[in-house]
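Below is one structure, written out as structure tokens; comments come after it.
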Amino acid sequence: MIRLELIIGDLKASALFHVIDSRTTYKLLLGRPWIHGNGVVTSTLYQCFKFYHDGVKKVEADSNPFSEVESHSTDAKFYLKTDNSPEAVLVEVPLVNREDNYS
């Protein structure tokens, strides 16, 4: 474990982290005690969090959290823009007369 002093926008706080050697989709996780202790309100829908420090402050998430090197993560496909995405192809399927199948 390691204790780090965090500076996120105007928010300055200390946090204790467990260090793991693994390929993950995140750089760090801030747990519920840290979030509640610092009066942070998170939104996964809007990918941001807000806190009160001389007024309401908002911190936006990174809009492109993965580099090409880190694209081993399956979540990277939602963020990386590629030009090789498949196009939709229109295919006509003839209707089959059901009565012809029973005669």
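Each residue of the sequence shown is one higher than the last, beginning at 1 in our numbering. Cβ atoms here follow ideal geometry from the backbone N, Cα and C, with glycine treated the same way.
Asn38 counts as buried, since no fewer than 16 other beta carbons sit within 10 angstroms of its beta carbon.
Bounds of the beta strand (DSSP E) holding Arg3 are Ile2 to Ile8. Sequence-distant partners of His18 (beyond 5 residues in either direction) whose C-beta falls short of 6 Å from its own C-beta, in its chain, are Met1. Residue range Arg32 to Gly37 is occupied by the alpha helix (DSSP H) that includes Gly37. Its Cα nearest to that of Leu6, the residue Ile35 stands out among Ser22, Ile35, Ser43 and Thr24. In the displayed model, Tyr46 falls within coil according to three-state DSSP, outside both helix and strand.
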